[in-house]
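A.B. asks:
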Amino acid sequence: MSGSVEGVDRMGFEGKVVYITGASSGIGLALAKEFALRGARLGILARREDRLRQLCGEIRATGGTIEYAVADAADRGGMNTAVASLNDRLGLCDVMIANAGIGASNTSTDLNVTAAEQVIRTNLLGPMYAFEAVFADLLARGSGHLVAVSSVAAFKGLPTSAAYCASKAGLNAYLESIRISLRARNIAVTAICPGFVRTEMTEKSKKMLWACNADVAARKIARAIQRQKKVYVFPTRMGLLVKSTRWLPDWLVAKALPDDSVFG
Ligand SMILES: NC(=O)c1ccc[n+]([C@@H]2O[C@H](COP(=O)([O-])OP(=O)(O)OC[C@H]3O[C@@H](n4cnc5c(N)ncnc54)[C@H](OP(=O)(O)O)[C@@H]3O)[C@@H](O)[C@H]2O)c1
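For the sequence shown, the residue numbers in the numbering used here are 18 to 281.
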């Protein structure tokens, strides 16, 4: 069912097996629809089974090939088992997109360490578990693509999102490291760093500068994956803005982002 919509070439993944974690809503769900349009054979993962089943129904109704498996991204054994069951139904994975993620906020009086632990498990260990589950097959075949959805929050420790920023900064460093070492194995690695995207995660955010919808984000992300970008930051101006805050004094950042700020 691949084709061209609005003049955009959406080919390039015909018959490829693409797994997406966190596909029950937001960017992951939009990515599933985008890769279905591009002809991929999809394996989708998340915890909310009703949402996964519904998405499978929608994509099958348009002629797509899709299977789901329920998995907690923060559970290493569970992720391995879920991926093995997708392998049985779809064949071995070509592209793993570790997208599942959560946010958590802290304030100047509450570091919220319990929530921080879950953020690190989901956003940092989660992609490692997802990659591990397909890694032996990619190595044996000598090809494949590991992708993770990080964030522009990787580039600056924003005051109300300490654990979130730490998880994404750690994720970017991890991706960079394995990207360099896996070059010799012909396995590509891509870090996707979105700015604001309108999803369930950001529905409580008050101000979302240069925000886009999930379907627009998915189209951009799919194109970056197709081009095997190392790091893809969008929108470009949001990446530049966040990186430039590194040169601002702390008092100014604290004033701009008080305790009640919410960052996606
Ligand atoms: N929205 C933004 O502005 C923005 C900006 C930059 C980066 N991102 C990143 O984009 C990714 C997707 O976020 P989104 O905005 O699309 O949010 P979302 O709509 O809340 O979707 C999050 C997805 O992750 C899954 N998930 C969360 N915790 C999980 C767990 N423990 N195990 C398995 N699945 C889990 C959820 O599925 P279940 O609850 O069904 O398990 C859901 O499918 C995240 O990594 C986020 O950090 C988002």
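Note that CB positions come from ideal geometry on N, CA and C, so glycine has one too.
Is A117 near ligand 1, going by C-beta to nearest heavy atom under 7 Å?
C.D. replies: Under cutoff, so the answer is yes.
A.B. asks: Could you pull out every unbroken alpha helix (DSSP H) segment of at least 4 residues lying fully inside the stretch 89-168, listed in chain order?
C.D. replies: Segments of the alpha helix (DSSP H) lying fully in the stretch 89-168: 93-107, 130-136, 143-158.
A.B. asks: On the criterion of 16 or more Cβ atoms from any shown chain inside 10 Å, does L257 qualify as buried, or is it exposed?
C.D. replies: Burial call: exposed.
A.B. asks: Measuring only the C-alpha atoms, how far is V100 from H162?
C.D. replies: Whole-angstrom Cα-Cα distance: 15 Å.
A.B. asks: Name the two residues that bound the continuous beta strand (DSSP E) containing L226.
C.D. replies: Note, L226: premise wrong, no beta strand (DSSP E); not H, not E.
A.B. asks: Tell me the residue span of the beta strand (DSSP E) that contains V187.
C.D. replies: Reading the sequence as shown, one finds Gly at residue 187 and not Val. It is not in any beta strand (DSSP E) - G187 instead sits in the alpha helix (DSSP H) that spans 179-199.
A.B. asks: Could you work out which residue in R65, D67, R68, I83 is closest to E51 when comparing CA atoms only?
C.D. replies: For E51, the nearest C-alpha among the options comes from I83.
A.B. asks: Run through DSSP, which three-state label would F213 get?
C.D. replies: Correct three-state label for F213: coil.
A.B. asks: For my contact list, I76 and L59 are in at a C-beta cut-off of 8 Å; report their separation, rounded to the angstrom.
C.D. replies: Contact flag correct, Cβ pair sits at about 7 Å.
A.B. asks: Exposed or buried, which one is D105 when buried takes at least 16 other CB atoms within 10 Å?
C.D. replies: Under this definition D105 is an exposed residue.
A.B. asks: Mind checking whether A234 and A47 have CB atoms under 8 Å apart?
C.D. replies: Cβ atoms of A234 and A47: closer than 8 Å.
A.B. asks: DSSP three-state call for R64: helix, strand or coil?
C.D. replies: Looking at R64 - three-state DSSP - the assignment turns out to be coil, as it is neither helix nor strand.
A.B. asks: Where does N230 land, buried or exposed, given buried means 16+ other C-beta within 10 angstroms?
C.D. replies: The residue in question, N230, is exposed, as its Cβ has fewer than 16 Cβ neighbours within 10 Å.
A.B. asks: Relative to the alpha-carbon of S122, which residue among R70, L69, A132 has its alpha-carbon at the smallest distance?
C.D. replies: Per the Cα distances, A132.
A.B. asks: When we look at the beta-carbon of D111 and count the other beta-carbons within 10 Å, is it buried (16 or more) or exposed?
C.D. replies: Under this definition D111 is a buried residue.
A.B. asks: Taking a contact to mean a Cβ-Cβ separation below 8 Å, would you say L72 touches A49 in this structure?
C.D. replies: It is a contact, given that the beta carbons lie within the stated cut-off.
A.B. asks: With a Cβ-Cβ cutoff of 8 Å, do S167 and L188 count as a contact?
C.D. replies: Yes, Cβ-Cβ distance for S167 and L188 is below 8 Å.
A.B. asks: If you follow the beta strand (DSSP E) that A86 is part of, which residue opens it and which one closes it?
C.D. replies: 82-87 is the span of the beta strand (DSSP E), which, as asked, contains A86.
A.B. asks: For D127, verify whether its CB is less than 7 Å away from any heavy atom of ligand 2.
C.D. replies: Questions concerning ligand 2 fall outside what the structure shown contains, since the ligands it does hold are ligand 1.
A.B. asks: Would you say the stretch 176-187 touches the stretch 216-226, given that touching needs at least three Cβ pairs under 8 Å?
C.D. replies: No: the two stretches stay apart, fewer than three of their Cβ pairs being nearer than 8 Å.
A.B. asks: Cβ-heavy atom distance between F52 and ligand 1 below 7 Å?
C.D. replies: No, ligand 1 has no heavy atom inside 7 Å of this Cβ.
A.B. asks: Helix or strand or just coil, what does DSSP make of T262?
C.D. replies: In the structure shown, T262 sits in a helix (DSSP, three-state: H, G or I).
A.B. asks: Roughly how many angstroms lie between the CA atoms of L107 and K33, to the nearest whole one?
C.D. replies: C-alpha separation (whole angstroms): 10 Å.
A.B. asks: Suppose you measure from the CA of L69 to the CA of A147; what does that come to, to the nearest Å?
C.D. replies: Roughly 18 Å between the two C-alpha positions.
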